[in-house]
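In what follows, a single structure is set out as structure tokens and then discussed.
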Amino acid sequence: MNTVFRRVLFAAGLFVISTLVSAQDFGLDATASFGSTRTADSSANAGLRVDGWWKVPFGSSGSLFDGSAHTGFSLTASPNETDGKLLYDIDRLRLLFVIPSPGNDIQSLNIEFGRFSFQDATGLILSHPADGAKLGAVFPSLKFNVQAGYTGLLMKSNNSISLSLFDEQLAVDDSIMFGTSRMLVIGEIALPKIFNQSLGLSFVAQQDLNPEDELIKEWTILPDESALPRGGKFNSQYTTFNLSGAFSGDLYYSSWFTLGSGRTLSWLEDSDSSTGYSYQYAPIRSIMTGFSLNYFRQELFGSSFNFRFLYASGDSDYSTITEGNTAGSAGQFVPVTSSAFGLVFSPVLSNLVIAELGGSMKPVADKNLQTGLRLFAFFRPTSGPVATGGLKPGEDSSMLGYEADLYGNYRILSDLGMSLNTGLFFPVSSPLGAFNKDDAGMQYSIQFALTLGL
Amino acid sequence: MLLSANGLIPETETLQAAFDTSSSLGFLEESAQPETAVRIDRLSFMLMKSLGLQGGIMYRLFPGPRYAYKHLVYLGIVSESGGPFRLVAGDEVIRSLGYALELKGGSR
Chain A
1 MNTVFRRVLF AAGLFVISTL VSAQDFGLDA TASFGSTRTA DSSANAGLRV
51 DGWWKVPFGS SGSLFDGSAH TGFSLTASPN ETDGKLLYDI DRLRLLFVIP
101 SPGNDIQSLN IEFGRFSFQD ATGLILSHPA DGAKLGAVFP SLKFNVQAGY
151 TGLLMKSNNS ISLSLFDEQL AVDDSIMFGT SRMLVIGEIA LPKIFNQSLG
201 LSFVAQQDLN PEDELIKEWT ILPDESALPR GGKFNSQYTT FNLSGAFSGD
251 LYYSSWFTLG SGRTLSWLED SDSSTGYSYQ YAPIRSIMTG FSLNYFRQEL
301 FGSSFNFRFL YASGDSDYST ITEGNTAGSA GQFVPVTSSA FGLVFSPVLS
351 NLVIAELGGS MKPVADKNLQ TGLRLFAFFR PTSGPVATGG LKPGEDSSML
401 GYEADLYGNY RILSDLGMSL NTGLFFPVSS PLGAFNKDDA GMQYSIQFAL
451 TLGL
Chain B
455 MLLSANGLIP ETETLQAAFD TSSSLGFLEE SAQPETAVRI DRLSFMLMKS
505 LGLQGGIMYR LFPGPRYAYK HLVYLGIVSE SGGPFRLVAG DEVIRSLGYA
555 LELKGGSR
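From first to last, the protein sequence lines stand for chains A and B. Residue 454 is where the first sequence ends in the numbering used here, and the numbering goes up by one at each step. Residue 562 is where the second sequence ends in the numbering used here, and the numbering goes up by one at each step.
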């Protein structure tokens, strides 16, 4: 009986494996990139990256096994040094089960395990892979999903979360293989549409799991003057309301409002301290809000135009951008991951106001060529620090600078594409702007990439 | 059908003759039989070869079902759903052939 059972099991296993393998798909993309940048220093960069992916669908419900990984290297050369980095990591490795109509008015249920992307509703707070699980359900009038994951098993080159002084030390320590350890949680509810407008509520939380014994203890009364600043834990939560919809068939809008909370280590006055100060955890009370408009004119060379306004609160009593709070609560908004804005000037979305106007078109009808222009104006809402170098200490001016980016993407053949991105940033110097006069020269970047699908 | 669309055989030719022509032109695997089911990547290769379509760099270097399928997915002639090893039905062959002929005629 036992032998029969084993044979049946073996045959069933073979059938399942052969069925899955017969439906699989896989591929490789190789990208070579070259560029030159002049910001504070001039530098040239080159890189080669190979991305591989593998997908095995389970039936027609959408359930699948899905994996992708990359390897490659990047080289950056400046007049003073040449820095080479080897890149490799698993970007995605997940099992997704889609259960259609499981009952109880649920239209579909999604369960996901493994390494996959964590992204908030705005895309401006968190966009990062993590190892974890996700549960999503679609009801007739609303849908929700919850997901939780851990970032401590991502390679350092693939872990871009840097929220504390400890994270900054990890980034420069060559003896450490993995990036910062954080627990990420996302919960999202999409409510029923009202007058055809979509309303959503989402919650993002990140918990610092870095080793406590390597951090500054609360109520320490002497300022940390170690060669490698250690800092404390940075835990944060983000509650976002977002509203989106269409004004007309070709004009769409999206708006959002985020309240930031949590706590960060701060150097605050302390009447019980012999130095008059101590390290204390202060509550975070921050805001990030914005809106975007997108206008599509497909008949005009496939054109689209967009305008975006972003506000991220700052705090004028911050001494440095990272863990720099020196009085009261921490008012500086700190996203979990940074987003790309200008090609040249793209600071973390903290203490920033950004106005962005963009347009793109396909100028040649029978060629898969897309060209575009993006214009930015950058300001800071408080005189506190911004995540960039070259600002004049003590300067209160809010103007940071302007940037113009021009880009083109051309799919030459079905498996060969190229892109060219150029950007010019014009910092505004004191007294009109916040930059030092010596650091206010024009900055540029030009980047070229060629991708071949293998 | 694919062969006659590009004049490689007359429309009145028998199935066995079409199979033999396909084999001799290298469209089919050596082990293929007339009753063997066709996968979408093989159909893509047959479309590319019979209509004389040019593919991407990889197809030009290594002409075969894999890169033919990828090229035709990019052009929207065959569906990516189900992966490259999916077996195709007759109506999909006619539909894909129609799209490919449109492309060759310059209207897609």
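Idealized CB from N, CA, C, for every residue including glycine.
query	result
Chain-ordered neighbours of residue 25 of chain A on chain E, where CB pairs are closer than 7 Å	Protein chains A and B are contained in the structure displayed, whereas chain E is not.
Rounded straight-line distance, which links the Cα of residue 266 of chain A to that of residue 247 of chain A	45 Å
Segment contact, 8 Å Cβ cut-off, at least three pairs: the segment 202-216 of chain A with the segment 227-238 of chain A	yes
Separation of residue 312 of chain A from residue 173 of chain A, as counted between CA atoms	30 Å
Residue 510 of chain B at chain A interface by Cβ criterion, 8 Å	yes
Helix, strand or coil at residue 457 of chain B according to DSSP, with G and I counted as helix	helix
Spatial neighbours of residue 44 of chain A in its chain, beta-carbon cut-off 6 Å, leaving aside the 5 residues before and after	36, 77
Pick from A:27, A:211, A:6 that is closest to residue 452 of chain A, judged by C-alpha positions	A:27
Candidates A:155, A:431, A:287, of which the one nearest residue 175 of chain A by Cα	A:155
Whole-number beta carbon distance between residue 115 of chain A and residue 93 of chain A, since they are thought to touch under 8 Å	5 Å
Spatial distance of residue 254 of chain A from residue 184 of chain A (CA atoms)	25 Å
Within-8 Å CB hit, residue 369 of chain A to chain B	no
is_contact[residue 529 of chain B, chain A] using C-beta, thresh 8 Å	yes
Contact set for residue 244 of chain A: own chain, Cβ-Cβ below 6 Å, skip 5 residues either direction	198, 254
Within the segment 327-406 of chain A, ranges of the beta strand (DSSP E) (whole runs, at least 3 residues)	352-361, 369-379
Buried or exposed (CB count within 10 angstroms, at least 16 for buried), residue 552 of chain B	exposed
Pairwise C-alpha distance: residue 556 of chain B and residue 562 of chain B	With a pLDDT of only 49 at residue 562 of chain B, under 50, the local geometry of the prediction cannot be trusted, and the value read off the model is given with reservation. Distance between the alpha carbons of residue 562 of chain B and residue 556 of chain B: 6 Å.
Sufficient close CB pairs (3 or more, under 8 Å) joining the segment 488-507 of chain B to the segment 527-545 of chain B	yes
Distance, residue 29 of chain A Cα to residue 132 of chain A Cα	26 Å
Boundaries of the beta strand (DSSP E) in which residue 183 of chain A is found, first to last residue	182-190
The segment 273-281 of chain A contacting the segment 316-324 of chain A, beta-carbon criterion three pairs below 8 Å	no
Endpoints, beta strand (DSSP E) assigned at residue 519 of chain B	Residue 519 of chain B -> not in any beta strand (DSSP E); alpha helix (DSSP H) instead, spanning 519-529.
Spatially closest choice to residue 379 of chain A from A:123, A:232, A:347, A:162, by CA coordinates	A:347
CA nearest to the CA of residue 418 of chain A, picked from A:388, A:442, A:450, A:163	A:450
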